[in-house]
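This report refers to the structure that appears directly beneath it.
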Amino acid sequence: MVRRIACILIFWMTAFNLFAQELNCNFVVNAQQTGNENVQVFKTLEKQLSEFVNNTRWTNKSFEVLERIDCSMVVNILDYSSDAFQASIQVQSARPVYNSSYSSSVYNFNDKDFNFNYLEYQNLNFNTQQFESNLISVIAFHVYMILAMDADTFALNGGQKYYEQARDIANYSQRGNSIGWEPPSGGDQTRRVLIDNVLSNSYSEFRKVLYDYHRLGLDLMAANPKEAKTAISDAIMNFKNLHKRRPNSFLVRTFFDAKADEITDIFSSGPKVKISDLVSTLNKVAPIHSKKWQKIKF
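The numbering used here numbers the first residue of the sequence shown as 259 and each following residue consecutively.
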């Protein structure tokens, strides 16, 4: 009887581990710029944040191990004094492409506004309703952006509830007076601008592009490359109307920060499709990558 109960407990503990967490995140704390990268506090911070991101259950959805979202977070410590840290964080995520071994970059954000306080071994607790610390808020915000954009690539507007949670985090974190949460002013490229734009009707094409590009394009690539490339081209063309309303928007730049190399590769090999209009659109909506667009073969 005791052995049976033990087996049942082991089964449920194993099942929880297999179906609980959503992310497979490679977390790095890089303190080279401080000149003291071997200080123990940085190693402790890295370990604690890695466990926090990977072991927290962020949603009520069950994820199998193979369904976990591959992502990375690299915290670059610029300076520190006592428990005060000045840093930036580079966040990236990718999603698998159907019937292939390829993973496509989805979220790529360089968050330069990441100052926080941290005492070694302090508890890291996330509350969906209230501000705990800027360290927790920034990490949690990016977790929900990863979840939201990933969901948007599998179902049209599928990430809505995760975007709303990211917005809630931005709203209550604004009260902490840390940079990056304040209402946007001209030219800002902050977390606040990012989430406000994603949820604004003025940028509705962005989320449609996420879905069309991945689900109607990339996921068909193995079965029908020509049809898939045409669908990807059509998806990108949706940015034309957005560009007319919001030229050189920050949100569109985040898309091409993740996708520029991939788009160049897609349209530089394989079956040919009509791409003259595509290249023209790319040069208009993402001129910063014009050298890459020049590599696309007609």
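Where is the CB? At the ideal position from N, CA and C, for every residue including glycine. Just so it is clear, the structure is predicted and the values come from calculations on it, not from any experiment.
Buried versus exposed, by CB contacts within 10 Å (16 or more), residue i
| i | result |
| --- | --- |
| Ile263 | Only weak support exists for where Ile263 lies, its pLDDT of 39 falling under 50; the coordinates are left without a value. |
| Asp523 | exposed |
| Val286 | exposed |
| Ile327 | buried |
| Asp337 | exposed |
| Glu463 | buried |
| Gln350 | buried |
| Ile546 | exposed |
| Tyr379 | exposed |
| Arg315 | exposed |
| Glu280 | buried |
| Ile266 | Because Ile266 sits at a pLDDT of 40, beneath the cut-off of 50, its placement in the model cannot be relied upon, and the following sentence gives the value as read from the coordinates. Counting Cβ neighbours within 10 Å, Ile266 comes out exposed, since fewer than 16 surround it. |
| Val323 | exposed |
| Ala481 | exposed |
Check whether residue i and residue j have beta carbons under 8 Å apart
| i | j | result |
| --- | --- | --- |
| Tyr356 | Asp492 | no |
| Gln418 | Thr386 | no |
| Met414 | Tyr469 | Correcting the residue identity first, residue 414 is Leu in this sequence and not Met. Yes. Within cutoff. |
| Gln432 | Glu440 | yes |
| Asp369 | Ile404 | no |
| Lys487 | Gly434 | no |
| Leu377 | Gln306 | no |
Reference residue i, options the options, closest by Cα
| i | options | result |
| --- | --- | --- |
| Phe497 | Ile453, Val543, Lys517 | Val543 |
| Ile453 | Phe372, Gly434, Phe367 | Phe367 |
| Val364 | Tyr338, Pro483, Leu509, Ser538 | Leu509 |
| Asp359 | Asn506, Trp316, Met479, Ala518 | Residue 359 is actually Ser in this sequence, not Asp. Considering only alpha carbons, the answer is Met479. |
| Ile490 | Asn482, Pro505, His472, His501 | His472 |
| Ala210 | Asn459, Ile494, Asn334 | There is simply no residue 210 to check, as the chain begins at 259 and stops at 556 in what is shown. |
| Ser538 | Ser548, Lys530, Val531 | Ser548 |
| Phe412 | Gly438, Ser362, Glu295, Leu540 | Ser362 |
| Tyr420 | Phe389, Asn318, Val333 | Asn318 |
Unbroken alpha helix (DSSP H) run spanning residue i, endpoints
| i | result |
| --- | --- |
| Ile327 | It is not in any alpha helix (DSSP H) - Ile327 instead sits in the beta strand (DSSP E) that spans 327-339. |
| Tyr483 | In the sequence as displayed, the identity of residue 483 is Pro instead of Tyr. Its alpha helix (DSSP H) spans residues 483-495. |
| Ile404 | 392-412 |
| Tyr365 | That residue, Tyr365, is in no alpha helix (DSSP H); its beta strand (DSSP E) goes 361-375. |
| Asp470 | First-last for Asp470: undefined, no H or E at that position. |
Any C-beta of chain D under 8 Å from that of residue i
| i | result |
| --- | --- |
| Glu485 | Reference to chain D is not applicable here, since this structure consists of a single protein chain. |
8 Å contact criterion, which residue i and residue j should meet: CB distance rounded
| i | j | result |
| --- | --- | --- |
| Ser436 | Asn373 | 6 Å |
| Pro442 | Val456 | With 8 Å as the limit, Pro442 and Val456 do not qualify as a contact, their Cβ atoms being about 13 Å apart. |
| Ile427 | Ala398 | 6 Å |
Start-to-end residues for the beta strand (DSSP E) that takes in residue i
| i | result |
| --- | --- |
| Ile347 | 342-354 |
| Asn288 | 281-288 |
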